[in-house]
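Colleague: One gets the working numbering by counting positions in the sequence shown from 1 and adding 1234 to each.
For every residue, glycine included, the Cβ atom is placed at its ideal position computed from N, Cα and C.
Quick one: the structure is below, questions incoming.
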Amino acid sequence: MDTNYNVLLIGGGGREHAIAWKLSQSPNLGTLYIAPGNPGTAEAGLNIKLNTDDFAAVSEFCQDHSIDLVVVGPEAPLVNGIVDYLEKEGFAVFGPKKSAAMLEGSKQFAKEFMVKYDVPTADYAVFSSDEFDDALKFVQSKESYPIVLKADGLAAGKGVFICDSEEEVIKRLDQLKNDSKLQDAASKLVVEEFMEGEEASAFVIADGHTSHILNNAQDHKRIGEGDTGLNTGGMGAYSPAPLLTEEMLDRVKYEIIERTITGMQLEESAYHGILYVGLMITNDGPKVVEYNCRFGDPECQAILPPLENDLLTLMIATTEQRLDEISLQMDSDFRCCVVLASDGYPGSYSKGKIITGLESVDEDSLVFQAGTAKDGDNLVTSGGRVLSVVGKGPTLKKAIDHAYKNVQKLSFEGCYYRKDIGYKGLDRIK
Ligand code: AMP
Ligand code: GLY
């Protein structure tokens, strides 16, 4: 591989800090630019101001800075077609095209695709926004609670409601119809059967032909211990998940991933980049809860550190459809990632609190930054999810202990974190 690849990474969360950190270890990296990045990514490359919603401006930046590879962290630019635009302009991009990112961009598309290609998932029905009365009649005819309501489009994790009663369905239908933040995403509504089971995620890297499971993880989406309270972007993750035994991973591979990758080829929307498959492990086997067209956050912070391959080489090979030449190597340690959040998140929270202790964490632990900013010489909070602390160890218990030992060394006013990240994995090992 040629050396000195210039890379533009789009995004500014903990996920992007982890990607930047891993890319910066590559001997083949030229300059790494991150738009917008955060104070953590500034340690791995150059943060830049660039309106990444303006694809022409991104293309101009790539031209002016001889960018060899663009890596897209979050879903919105992918669903909006950044890969199509930049590839037409001659740039290599790691990520799916718009038509493939529809697996995340439209739940209706994903469900119809799964039915067509026999990918196991929950039964469902779709209603447009002027058919919400029919949706209610459909729910009433089922008389089976809980039932799941999902806005079709991207809703920043806020478009899914698990309803325990008819009253709640009525309330949520009203919210989906009238909440200005949800209306666009809810121009279509997916009503879905509730799946009983435990969730886990498989992260697949695909080049349109070849796909490998990169790693797997379990997220902790709720704000409170014991998986209680409001949904968040994710309060912590651990990897690998004991729930995904070798036998279960084989089923995931043959019943879900191969059918998905082949199906997308047949749809002429071959999948490139990271496919995050959200799974429910039910008594009937693995089923798909959702597809995402990118790395998860905070799962990325737990699944990239064990990767022994050079991430840049892997990403370039993906864009050149040479994944078949690569065998993935992971170290054998577990990782546990604990998110430190601002008190109040996922609701409102205050900002500008001084963060201390970063210099005292163990050398073999990692701290990835998300909602942080520089205020003079101080590092201060600037978002809901502030830091991700990653511990490792030869057992899940040791990885959890290592993460929490280092969490203790960090502080800022109003710091909140869950104390039970990873414990559901331990319960399974016992
Ligand atoms: P989604 O954005 O589709 O992943 O939904 C968000 C969360 O809602 C998931 O991580 C699950 O915890 C839950 N969920 C979504 N769909 C279902 C379902 N059909 N059955 C049970 N839980 C679900
Ligand atoms: N942690 C969940 C997500 O990234 O969608």
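Just to check, is the beta-carbon of residue 1514 closer than 7 Å to a non-hydrogen atom of ligand 1?
Modeller: Answer for residue 1514: yes, Cβ within range of ligand 1.
Colleague: So what does DSSP say about residue 1251, is it helix, strand or coil?
Modeller: Helix, per DSSP.
Colleague: Out of 1602, 1409, 1243 and 1559, which one is the CA nearest neighbour of residue 1285?
Modeller: Nearest of 1602, 1409, 1243 and 1559 to residue 1285, Cα basis: 1243.
Colleague: Excluding sequence positions up to five away, which residues of its chain have a Cβ less than 7 Å from the Cβ of residue 1498?
Modeller: Answer for residue 1498: 1334, 1504 and 1505, listed in chain order.
Colleague: Tell me whether the beta-carbon of residue 1303 lies closer than 8 Å to the beta-carbon of residue 1549.
Modeller: Cβ atoms of residue 1303 and residue 1549: closer than 8 Å.
Colleague: When a residue counts only if its C-beta is closer than 6 Å to some heavy atom of ligand 2, which residues count, in chain order?
Modeller: Per the Cβ criterion, the list is 1453, 1467, 1468, 1526, 1530, 1531 and 1533.
Colleague: In whole angstroms, give me the CA-to-CA distance for residue 1322 and residue 1250.
Modeller: In a straight line, the C-alpha of residue 1322 is about 25 Å away from that of residue 1250.
Colleague: Does any heavy atom of ligand 1 sit closer than 7 Å to the C-beta of residue 1371?
Modeller: Answer for residue 1371: no, Cβ out of range of ligand 1.
Colleague: Out of curiosity, what's the CA-to-CA distance linking residue 1406 and residue 1447?
Modeller: Distance between the alpha carbons of residue 1406 and residue 1447 is about 36 Å.
Colleague: Name the two residues that bound the continuous beta strand (DSSP E) containing residue 1576.
Modeller: Taken as a continuous stretch (DSSP letters only), the beta strand (DSSP E) holding residue 1576 covers 1568-1576.
Colleague: Taking 8 Å as the threshold (C-beta atoms), are residue 1457 and residue 1508 in contact?
Modeller: Not closer than 8 Å, so no.
Colleague: For residue 1599, count the other beta carbons within 10 Å of its own beta carbon; 16 or more makes it buried, fewer makes it exposed. Which is it?
Modeller: The residue in question, residue 1599, is buried, as its Cβ has 16 or more Cβ neighbours within 10 Å.
Colleague: Taking only runs that begin and end inside the stretch 1468-1520, name each unbroken beta strand (DSSP E) of 3 or more residues, in chain order.
Modeller: Fully enclosed beta strand (DSSP E) runs of 3 or longer: 1470-1473 and 1506-1516.
Colleague: Does the Cβ of residue 1452 have 16 or more other Cβ atoms within 10 Å, making it buried, or fewer, making it exposed?
Modeller: So residue 1452 ends up on the buried side.
Colleague: Considering only C-alpha positions, which residue in the set 1594, 1655, 1578 and 1658 is nearest to residue 1620?
Modeller: Of the listed residues, the one whose Cα sits closest to residue 1620 is 1578.
Colleague: Please give the ranges of any alpha helix (DSSP H) in the stretch 1370-1437, keeping only runs that are unbroken, at least 4 residues long and fully inside the region.
Modeller: Runs found: 1400-1412.
Colleague: From what residue to what residue does the beta strand (DSSP E) around residue 1451 run?
Modeller: Per DSSP, residue 1451 belongs to the beta strand (DSSP E) from 1445-1453.
Colleague: Return helix, strand or coil for residue 1259, following the three-state DSSP convention.
Modeller: Three-state DSSP puts residue 1259 in coil, outside helix and strand.
Colleague: Let's see if you can read the secondary structure: which residues bound the alpha helix (DSSP H) around residue 1316?
Modeller: Taken as a continuous stretch (DSSP letters only), the alpha helix (DSSP H) holding residue 1316 covers 1316-1322.
Colleague: Report the CB separation of residue 1515 from residue 1431 in whole angstroms; it is logged as a contact under 8 Å.
Modeller: Right, their Cβ atoms sit about 5 Å apart.
Colleague: What does a CB cutoff of less than 7 Å around residue 1618 pick up in its chain, not counting 5 residues either side in sequence?
Modeller: Contacts found: 1575, 1576, 1579, 1580, 1583 and 1605.
Colleague: Taking Cβ to Cβ, would you say residue 1536 is nearer than 8 Å to residue 1471?
Modeller: For residue 1536 and residue 1471, yes; Cβs fall inside 8 Å.
Colleague: Do you know offhand how far residue 1468's Cα is from residue 1390's?
Modeller: Their backbone Cα atoms lie some 12 Å apart in a straight line.
Colleague: When the Cα atoms are used, what is the spatial distance from residue 1359 to residue 1426?
Modeller: In a straight line, the C-alpha of residue 1359 is about 7 Å away from that of residue 1426.
Colleague: Is it right to say residue 1462 is buried, meaning 16 or more other beta carbons lie within 10 angstroms of its own, or is it exposed?
Modeller: Exposed, by the Cβ-count rule.
Colleague: Taking its Cβ as the centre, do 16 or more other Cβ atoms sit within 10 Å of residue 1522, making it buried, or is it exposed?
Modeller: Buried: at least 16 other Cβ atoms inside 10 Å.
Colleague: What is the DSSP secondary structure of residue 1363, reduced to helix, strand or coil?
Modeller: Reduced to three states, the DSSP call for residue 1363 is helix.
Colleague: In whole angstroms, what is the alpha-carbon distance linking residue 1586 and residue 1613?
Modeller: When rounded, the distance between both Cα atoms is 9 Å.
Colleague: Consult DSSP for residue 1277 and reduce its assignment to one of helix, strand or coil.
Modeller: Three-state DSSP puts residue 1277 in a helix.
Colleague: Could you round the C-beta distance between residue 1529 and residue 1274 to whole angstroms and report it? I think they count as a contact, below 8 Å.
Modeller: Not really, about 16 Å apart at Cβ, beyond 8 Å.
Colleague: Anyone know if the C-beta pair for residue 1268 and residue 1538 falls short of 8 Å?
Modeller: Not in contact: residue 1268 and residue 1538 (Cβ atoms no closer than 8 Å).
Colleague: Residue 1269 bridges to which residues according to DSSP?
Modeller: DSSP lists 1244 as partners of residue 1269.
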